[in-house]
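Encoded as structure tokens, the structure appears first; notes follow it.
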Amino acid sequence: MNIVKVYPIPRRTPLLAFARKQGGMKAVADKFFPKASSFRMRCGVYYPFFLVLISLFNVTGCSTLYSVKGHKEEIIFIDSDKETRIGENISEQVKRNFKFIEDKQTNEKVCTIGKKIADTCQRKEIYFQFFVLDGDEVNAFSLPGGFVYINNGLIKKVKSDDELASVIAHEVAHIAQRHAIKRLENSIGYSALKILTLNIPQDPLTIRNSNFAFTQLLLSYSREDEIEADILSVEYLRTAGFDPSAILSFLITLRDIQMKESIKPKIRFRTHPYISERIAAVKREIYGKRDFNDYINTIEK
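Reading the sequence shown from the start, the letters are residues 14 to 314 in my numbering.
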């Protein structure tokens, strides 16, 4: 199981004290900023580099996120409250661009299953909300802060509540692992992201940044993020009382749909990449390495 452990670093805690616990400033730099380590080593710029870090710690406050799967810690400059405000602002773009299904029975089903999954999530500070969109595409997506959207076309394709739960669990896992926040930090930058933490939804700058952030979140996640969400959703489903093998049957459905679709040029919006790799990873998580080789060909028959 992947577990997110958040170790808060109080706003007034000196960076030096944190660095000592990690094995020194160089160790912190190498751990949290590995791509820049060789440059800093050659140029001897650790001191000014850490002056910048100190200012970030003091101005923003931050935490570290540890992923058991990745065996590494990452600094998080966006806390859960800010994450929720970001999601709220981006959700306004969803309201502008999509029509919502008003069918009471469908909404109740999605919300009931969603609550069961959310109750198993380790991020108890997040209030999860579930919505059904009026779209034929077999797709789902999520926003930072607990917003999960399921297309009605996907609901029509699932063969059971377990399969629907597997989709919801996958999106909850993306939120739990802060995949969207990390993507937005890389794509639109921290300054633009910070604007989305402000409670001024009608501000033109907020609207522009929300629109761009929403576009970024419609793009496919990385292979690593997709597989991490799949693996974590196995544990969510087990704990919530659903059959985790439903992940496999639904991924196979997605693969069959994808094989019939024409390849989209240049930009691929949230289709479902890496499906064969995801199926293999989920099988290993559910059945273990010993049973995996025996089972690998049977599930797809």
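Beta carbons: idealized from backbone N, C-alpha and C, even for Gly.
If you draw a 10 Å sphere on the C-beta of S289, you find fewer than 16 other C-beta atoms in it, and that means exposed.
In the DSSP annotation of this structure, the continuous segment of the beta strand (DSSP E) that includes I163 starts and ends at F160 to N164. The beta carbon of K170 is closer than 7 Å to those of V151 and T266 in its chain, skipping five residues each way along the sequence. Just measuring C-alpha positions, the residue of N164, A193, K128 and S173 sitting nearest A242 is A193. DSSP places S179 in the uninterrupted alpha helix (DSSP H) bounded by D174 to A189. A direct Cα-to-Cα measurement between F144 and K172 gives close to 20 Å.
Taking all protein chains shown into account, N165 has 16 or more neighbouring C-beta atoms within 10 Å of its C-beta and is therefore buried.
Taking all protein chains shown into account, G100 has 16 or more neighbouring C-beta atoms within 10 Å of its C-beta and is therefore buried. By the criterion of a C-beta distance shorter than 7 Å, V247 is surrounded in its chain by P257, I260, V295, E298 and I299, once the five residues flanking it on both sides are discounted.
Taking 4 residues as the shortest admissible run, the segment 244-274 contains the following complete alpha helix (DSSP H) segments, listed from N- to C-terminal end: 259-273. Here DSSP, grouped into helix, strand and coil, assigns V145 to strand. By DSSP's assignment, L156 forms a beta bridge with F160.
When the beta-carbon positions are compared, I240 and Y287 come within less than 9 Å of each other.
Non-local beta-carbon contacts of R236 in its own chain, meaning distances under 6 Å to residues more than five positions away in sequence, involve Y287 in chain order. One thing to note: A253 has its Cβ no nearer than 9 Å to the Cβ of A189.
F113 is bridged by DSSP to L146. Check the Cα spacing between F263 and each of R251, E176 and L250: the tightest is with E176. Around the beta-carbon of Y234, 16 or more other beta-carbon atoms lie within 10 Å, marking it buried. A direct Cα-Cα distance of roughly 19 Å separates D147 from I126. Straight-line measurement puts the Cα of L197 at about 17 Å from the Cα of E105. For D238, the three-state secondary structure derived from DSSP is helix.
In this structure, K129 keeps its C-beta atom at 9 Å or more from the C-beta atom of A186. Cβ-Cβ distances below 6 Å link C134 to V185 and A189 in the same chain, with the five nearest sequence neighbours on each side left out; the list follows chain order. Taking a 10 Å sphere around the C-beta of Y140, we find fewer than 16 other C-beta atoms and assign the residue as exposed. E138 sits exposed, since fewer than 16 C-beta atoms from the chains shown fall within 10 Å of its C-beta.
Taken through DSSP and simplified to helix, strand or coil, T133 comes out as coil.
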